[in-house]
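Each remark here refers to the structure printed beneath this line.
Residue numbers (the numbering used here): 931 to 1251.
Encoded structure:
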């Protein structure tokens, strides 16, 4: 009787398991990665902004490859002045040969815009890297350990932030007369660190009081391990949300420096110096000013929109912690 009862119970359990397995197998597999799920919930306008940013990033990488392979790729030479060799005329309107026309020196506008994207994105990427890595680590560290480290570091950051970043940057560029892309990107990156330190510290203060951090401390986990496993991963989304918006601001500042002739040396194309060169002949044609202004505006607006969307997702995530 006992064996018969056990056998019947075991058979029912196996049948239930098989039934559950069959039901699961019949269900369509709708599981998607977090990135794809986020993309599906993204508003259409934000998707358009993301598509534009992907295009600009791809174009910037393409131009570097074009330089690397000696302009063997199918892209116009951004420095070629057609009127000197019987080619394109200055300020040509868009055509099949020159999709966005030519500038006052008969150089291809489209090629120069894509090459100019590299300068803006390289500086923005440097700022984000410096801010997130150095500023994020330093801010998370002082926000978690507190004490004298926090007092000294935050006082130093306050001193640096007391000077307007744009004025300080203009002064450094004008005094040392630097015109190379690596040096200018380095200056931008260093001056961005204090703001990221403050954001990381503020986020860390909130994360450090969460239950999972307190539980890790209670079981004797090393503080370094807690910092890198529990604190920094939860601070990083807030830093990335700010980084997207900050990248747009940096691109505007770089464009301002280029317009004033204080960025990368001419004839290296940047959106700012293209606007500066085109304004001299704006009565003749507006295209050399319009195109770089449009690219600059679309890139900055796209970064801001993507940053706002990401910030909303971060806020929802933090509320669920």
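Beta carbons: idealized from backbone N, C-alpha and C, even for Gly.
* If you draw a straight line from the alpha carbon of residue 1135 to that of residue 1231, how long is it in whole angstroms? -> Counting from one through the chain shown, the residue named residue 1135 turns up at place 205. Counting from one through the chain shown, the residue named residue 1231 turns up at place 301. Using only the alpha carbons, I get a separation of about 31 Å.
* With 16 other CB atoms within 10 Å as the buried threshold, where does residue 966 fall? -> Here residue 966 refers to the residue found at position 36 of the chain shown. Exposed.
* Could you check if residue 1222 is buried or exposed, using at least 16 other CB atoms within 10 Å of its CB as the buried criterion? => Position 292 of the chain shown, counted from the start, is the residue given in the question as residue 1222. Under this definition residue 1222 is a buried residue.
* Asked: Do the stretch 1193-1200 and the stretch 1169-1177 touch if we need at least three Cβ pairs shorter than 8 Å?
  -> no
* Cα separation between residue 1212 and residue 1028? -> One-based indexing of the chain shown puts residue 1212 at position 282. One-based indexing of the chain shown puts residue 1028 at position 98. Going from the Cα of residue 1212 to the Cα of residue 1028 covers about 19 Å.
* Cα-Cα separation between residue 978 and residue 1236, rounded to whole angstroms -> As a first step, residue 978 must be located in the chain shown, where it is residue number 48. As a first step, residue 1236 must be located in the chain shown, where it is residue number 306. For residue 978 and residue 1236, the distance between alpha carbons rounds to 10 Å.
* Asked: Do you know offhand how far residue 1138's Cα is from residue 1243's?
  -> Counting from 1 along the chain shown, the entry for residue 1138 is found at position 208. Counting from 1 along the chain shown, the entry for residue 1243 is found at position 313. Spanning the two alpha carbons is a distance of roughly 21 Å.
* **Contacting residues, own chain, Cβ-Cβ under 8 Å from residue 1239 (five flanking each side not counted)** => One-based indexing of the chain shown puts residue 1239 at position 309. Only 972, 973 and 976 meet the Cβ criterion.
* DSSP state of residue 960, grouped into three classes? -> Numbered from its first residue, the chain shown carries residue 960 at position 30. Confidence in residue 960 is poor, its pLDDT being 42 and thus under 50, which makes the residue's placement unreliable; the coordinate value appears in the next sentence. Note: residue 960 maps to coil in three-state DSSP.
* In three-state terms, what does DSSP make of residue 976? -> Here the question's residue 976 lines up with position 46 in the chain shown. Note: residue 976 maps to helix in three-state DSSP.
* Any 3 or more C-beta pairs closer than 8 Å across the stretch 1153-1167 and the stretch 1099-1106 -> no
* Would you kindly work out how many angstroms separate the C-alpha atoms of residue 995 and residue 1045, rounded to a whole number? => Taking the chain shown and counting its residues from 1, the one referred to as residue 995 is at position 65. Taking the chain shown and counting its residues from 1, the one referred to as residue 1045 is at position 115. The alpha-carbon atoms of residue 995 and residue 1045 are separated by roughly 11 Å.
* To do: Determine contact between the stretch 1056-1073 and the stretch 1118-1137, defined as no fewer than three beta-carbon pairs at a distance below 8 Å.
  => yes
* Answer with buried or exposed for residue 1210, where buried requires no fewer than 16 other C-beta atoms within 10 angstroms of its C-beta. => Here the question's residue 1210 lines up with position 280 in the chain shown. It is exposed - the Cβ of residue 1210 has fewer than 16 other Cβ atoms within 10 Å.
* List the endpoints of the continuous alpha helix (DSSP H) containing residue 1125. => As a first step, residue 1125 must be located in the chain shown, where it is residue number 195. Looking at the DSSP string, the run of the alpha helix (DSSP H) that includes residue 1125 is 1111-1137.
* Asked: Using the C-alpha atoms, what's the distance from residue 1008 back to residue 1085?
  -> The count along the chain shown starts at 1 and reaches residue 1085 at position 155. The count along the chain shown starts at 1 and reaches residue 1008 at position 78. So the alpha carbons of these two residues sit roughly 47 Å apart.
* Considering only residues of the same chain and omitting the five flanking positions on each side of residue 1054, which have a CB-CB separation below 6 Å? -> To locate residue 1054, count along the chain shown from 1; it is residue 124. The answer, listed in chain order, is 1177, 1180 and 1181.
* **Backbone CA spacing between residue 1110 and residue 1184 [nearest angstrom]** => Within the chain shown, the letter at position 180 stands for residue 1110. Within the chain shown, the letter at position 254 stands for residue 1184. Answer to the nearest angstrom: the Cα atoms are 13 Å apart.
* **Length of the line joining the Cα atoms of residue 1217 and residue 1047** => Taking the first residue of the chain shown as position 1, residue 1217 is located at position 287. Taking the first residue of the chain shown as position 1, residue 1047 is located at position 117. Taking the straight line from one Cα to the other gives about 17 Å.
* Asked: What residue does the alpha helix (DSSP H) around residue 1163 start on, and which one ends it?
  -> As a working mapping, residue 1163 is identified with position 233 in the chain shown. It spans 1162-1189 - the alpha helix (DSSP H) in which residue 1163 sits, taken as one unbroken run.
* To do: State the DSSP-derived secondary structure class of residue 938, mapped to helix, strand or coil.
  => Numbered from its first residue, the chain shown carries residue 938 at position 8. With a pLDDT of 43 at residue 938, under the threshold of 50, the modelled position of this residue cannot be trusted, and the question is left open.
* Name the two residues that bound the continuous alpha helix (DSSP H) containing residue 1216. => In the chain shown, the residue the question calls residue 1216 occupies position 286. No alpha helix (DSSP H) holds residue 1216; DSSP gives it neither H nor E.
* Sub-8 Å separation of residue 1061 and residue 986 beta-carbons -> Counted from its first residue, the chain shown places residue 1061 at position 131. Counted from its first residue, the chain shown places residue 986 at position 56. It is not a contact, given that the beta carbons lie outside the stated cut-off.
* Is it the case that the Cβ atoms of residue 1099 and residue 1116 are separated by a distance below 8 Å? -> Working through the chain shown from its first residue, we reach residue 1099 at position 169. Working through the chain shown from its first residue, we reach residue 1116 at position 186. Contact flag unset, no.
* Exposed or buried, what is residue 1187 when buried is set at 16 or more other beta-carbons lying within 10 Å of its beta-carbon? -> If you number the chain shown from 1, residue 1187 lands on position 257. When all chains shown are included, residue 1187 counts as buried.
* Asked: In terms of alpha-carbon separation, which member of 1063, 1125 and 1119 lies closest to residue 1162?
  -> The sequence position of residue 1162 within the chain shown is 232, counting from 1. Comparing Cα-Cα distances from residue 1162 to each of 1063, 1125 and 1119, the minimum goes to 1063.
* Asked: For residue 1127 versus residue 1083, is the C-beta distance shorter than 8 Å?
  -> Reading the chain shown from its first residue, position 197 is the one you call residue 1127. Reading the chain shown from its first residue, position 153 is the one you call residue 1083. Yes.
* To do: Less than 8 Å between the CB atoms is what I'm expecting for residue 1130 and residue 1065, so what's the real figure, rounded?
  => Within the chain shown, residue 1130 is the residue found at index 200, counting from 1. Within the chain shown, residue 1065 is the residue found at index 135, counting from 1. The Cβ separation is near 6 Å, so the contact holds.
* Given residue 1031, which residues of its chain have a CB within under 6 Å of its CB, disregarding the five upstream and five downstream residues? -> On the chain shown, residue 1031 is found 101 positions in, with the first residue counted as 1. Closer than 6 Å at Cβ, skipping near neighbours: 1022, 1023, 1024, 1039 and 1217.
* Asked: Would you report the Cα separation of residue 1034 and residue 991, rounded to the nearest angstrom?
  -> Your numbering for residue 1034 matches position 104 in the chain shown. Your numbering for residue 991 matches position 61 in the chain shown. Going by the C-alpha atoms only, they are around 26 Å apart.
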